[in-house]
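Using UniProt numbering, the first residue of the sequence shown is number 1, and each one after it goes up by one.
Everything on this sheet refers to the single structure shown next.
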Amino acid sequence: MSGVWRGGLLRLQRAALVFSPGRPVACRRWLSMNRYSTEERGRPNTAEYRLYFKTEDGKFISPFHDIPLYPRTDEDQDVPAKKPKSYLSKNIFNMVVEVPRWTNAKMEIATKEPLNPIKQDIKKGKLRYVSNIFPHKGYIWNYGALPQTWEDPNHKDKDMKCCGDNDPIDVCEIGSKVCSRGEVIQVKPLGVLALIDEGEMDWKIIAINIEDPEADKFNDIDDVKKYKPGYLEATVEWLKTYKVPDGKPENQFGFNGQLKDQAFAIEIIKETHEFWQNMVRKKTDCGDIVWHRYQGNQIQCPLKVSVYNVKITRHTGFAGHRNPT
Numbered sequence: 001m002s003g004v005w006r007g008g009l010l011r012l013q014r015a016a017l018v019f020s021p022g023r024p025v026a027c028r029r030w031l032s033m034n035r036y037s038t039e040e041r042g043r044p045n046t047a048e049y050r051l052y053f054k055t056e057d058g059k060f061i062s063p064f065h066d067i068p069l070y071p072r073t074d075e076d077q078d079v080p081a082k083k084p085k086s087y088l089s090k091n092i093f094n095m096v097v098e099v100p101r102w103t104n105a106k107m108e109i110a111t112k113e114p115l116n117p118i119k120q121d122i123k124k125g126k127l128r129y130v131s132n133i134f135p136h137k138g139y140i141w142n143y144g145a146l147p148q149t150w151e152d153p154n155h156k157d158k159d160m161k162c163c164g165d166n167d168p169i170d171v172c173e174i175g176s177k178v179c180s181r182g183e184v185i186q187v188k189p190l191g192v193l194a195l196i197d198e199g200e201m202d203w204k205i206i207a208i209n210i211e212d213p214e215a216d217k218f219n220d221i222d223d224v225k226k227y228k229p230g231y232l233e234a235t236v237e238w239l240k241t242y243k244v245p246d247g248k249p250e251n252q253f254g255f256n257g258q259l260k261d262q263a264f265a266i267e268i269i270k271e272t273h274e275f276w277q278n279m280v281r282k283k284t285d286c287g288d289i290v291w292h293r294y295q296g297n298q299i300q301c302p303l304k305v306s307v308y309n310v311k312i313t314r315h316t317g318f319a320g321h322r323n324p325t
């Protein structure tokens, strides 16, 4: 069988697996340089849908707690360093893609479920979708979160006078590639926008995939203005108005809607990483957020948090877990 036909057949098989009526979804794909994989359960666009994360050797992990904030390069793999210097010096971070660009389903890391899979947000019993904000279709960037960060709802920001929204910090990735849901990419922060969402602090990091062909051009927020004119203005307008079609007021911004530079963004990332560290060290109240300390050595991340052996059902996603032995 030729390579072309073989590739076409594989695509058809994957499509049948995802969309055939009456069949559960159980797909997996390998992700980026970190060698993570994902496994889907339930059908997309249903309340039961979940996207779980696994290591290369098949262990289920949390994208919130187990994927490190700081990526590890090939030369770091055998070095038990808590923060590899090769990436720290370059201000490069892992990003978990929750929502691919141009899609509408509002997907998020389920911080209050075991293993913290990606699921579709639900409000008042209905699945949530963002409206198309003319002239755009869905989200106008790859949207996701930085792992091992947390916007602490107990902490009031000194500038904004608002408390955190109880989630990992959000990222708007502006590169040319449309990423896949659950993909783990390495990004370079360029700036940050101080969004105030219904009275809560909700920072939006503006970043670019380091694998983007033009990534070397972008090193600060002014480079976005230079090489992608109008993109930042569209970003502010989109984030201000995306809830209006649902009958809600426009969102508000700190700093009069002005984006802060890379240095400011890096400080916000470091601060939210410290908040996450305080959470897993039980130095602050995290409410219903699910996490468990793990003392083994399967995952090289700063605090070696939760690795589960899990039983996943075909219909409802997560059925139960056993604490690691």
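Built from N, CA and C at the ideal position, the CB exists for glycine as well.
For Arg-128, DSSP assigns no beta-bridge partner whatsoever. Nearest neighbour of Gln-252 by Cα position, chosen from Tyr-242, Asp-261, Asp-246, turns out to be Tyr-242.
Put simply, the region 210-226 touches the region 171-180. At least three CB pairs are less than 8 angstroms apart.
Rounded to whole angstroms, the gap between the alpha carbons of Gly-164 and Asp-57 is 35 angstroms. Residue burial annotation: Arg-35 is exposed, with fewer than 16 other C-beta atoms found within 10 angstroms of its C-beta. Here Ala-265 has Pro-189, Gly-191, Val-192, Ile-205 as same chain residues with Cβ atoms under 6 angstroms from its own Cβ, once five neighbours each way along the sequence are excluded.
The beta carbon of Asp-246 sits closer than 8 angstroms to the beta carbons of Ser-131 from its chain, once the five residues preceding and following it are set aside; these are given in chain order. If only complete runs of 4 or more residues are kept, the region 178-251 shows the alpha helix (DSSP H) at 221-227, 231-241, in order along the chain.
For Lys-124, same chain residues with a beta-carbon under 7 angstroms away, outside a window of 5 residues either side, do not exist. For Glu-151, the secondary structure class from DSSP, reduced to helix, strand or coil, is coil. Assignment of beta-bridge partners to Val-99 by DSSP yields Tyr-143.
Closest option to Ala-110, judged by alpha-carbon separation, among Val-96, Asn-104, Thr-103: Val-96. Within its own chain, the residues whose Cβ lies closer than 8 angstroms to the Cβ of Gln-262, once the five positions on either side in sequence are excluded, are Asn-91, Pro-189, Leu-190, Gly-191, Asn-219, Asp-220, Ile-221, listed in chain order.
Counting other Cβ atoms within 10 Å of its Cβ, Tyr-227 stays below 16 and is therefore classed as exposed.
The alpha-carbon of Phe-134 is positioned some 28 angstroms away from that of Leu-146. Ranked by Cα distance from Ala-47, the options Gly-144, Lys-260, Lys-119, Lys-54 are led by Lys-119. Closest in C-alpha terms to Val-184, from the list Leu-51, Glu-237, Ile-67, Asp-157, comes Ile-67. In the DSSP annotation of this structure, the continuous segment of the beta strand (DSSP E) that includes Val-171 starts and ends at 170-173. Looking at Lys-126, Gly-257, Ile-269, Tyr-231, the one whose alpha-carbon comes closest to that of Trp-141 is Tyr-231.
Take the alpha-carbon of Asn-45 and the one of Val-280: they are about 32 angstroms apart.
For Met-279, the uninterrupted alpha helix (DSSP H) segment begins and ends at 262-280. Here DSSP, grouped into helix, strand and coil, assigns Asn-91 to coil. A Cβ-Cβ separation of about 7 angstroms places Gln-148 in contact with His-65 under the 8 angstroms criterion.
With respect to the C-alpha of Lys-126, the residue from Pro-114, Ala-105, Lys-137, Lys-112 having the closest C-alpha is Ala-105. Annotation: His-273 to Glu-98 spans about 19 angstroms, alpha carbon to alpha carbon. With distances taken between CA atoms, Glu-40 lies nearest to Pro-117 out of Gly-144, Pro-117, Asn-94, Met-160. Shortest Cα-Cα distance from Asn-166 to any of Trp-102, Tyr-129, Thr-284, Glu-250 involves Thr-284. Under the 10 Å beta carbon count, Phe-255 is surrounded by fewer than 16 other beta carbons and is classified as exposed. Your pair Trp-203 and Asp-170 checks out as a contact, with CB atoms roughly 7 angstroms apart and the cut at 8 angstroms. A straight line joining the alpha-carbon of Leu-69 with that of Phe-93 spans about 6 angstroms.
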